[in-house]
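What follows is a short report on a single structure.
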Amino acid sequence: SKIHTIENFLTEAECQAVEERAKPLLHDATVADGSGGSHLSESRKAKQAGIKVDWDKEQEGDLIARLSRRVYDYVNHVLPFEIKENGQEDLMSIQYFGRGPDDDKPDRY
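Under the numbering used here, think of the first position of the sequence shown as 4, with each following residue one higher.
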């Protein structure tokens with residue numbers, strides 16, 4: 004695995020759109036269980052939400068669709084695949100709220 008840092012990958016408006024779309028769907032984040040499933044972990048304090056992409060609105064400039072297209076374009080740029088949007092997972096929003104103002108321990112997975 005490699006970590007890619009991309010400056011300004013999404014706009015402030017796209018970030019807000021993701022946050023707003025995810026807000027009513029957020030639930031405790033899970034971790035993989037090694038058998039193809041997932042489970043809650045006391046150590047993980049993030050919230051997650053799967054955001055369905057309305058690809059029919061892409062041409063209208065829908066912010067979520069525009070961001071999702073950019074993700075696919077980038078993945079296809081760095082990997083030898085031609086991944087298409089059909090049949091793929093939802094866009095995932097992971098949000099960290101911490102454990103409070105004195106939080107100094109990272110999540111553990």
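All residues carry an ideal CB built from backbone N, CA and C; glycine is no exception.
Between Ser44 and Val34, the CB-CB gap stays under 7 angstroms.
About 4 angstroms separates the Cβ atoms of Ala25 and Ala52, confirming a contact at the 8 angstroms cut-off. In the DSSP assignment, His80 falls within the unbroken alpha helix (DSSP H) covering Leu66 to Val81. Beta-bridge partners of His30 (DSSP): Gln51. Within the model, the alpha-carbon separation for Ser96 versus Thr14 is close to 15 angstroms. Membership of Gln98 in the beta strand (DSSP E) is indicated by the continuous run Leu94 to Gln98. In this structure, the alpha-carbon of Ile9 lies about 25 angstroms from that of Glu63.
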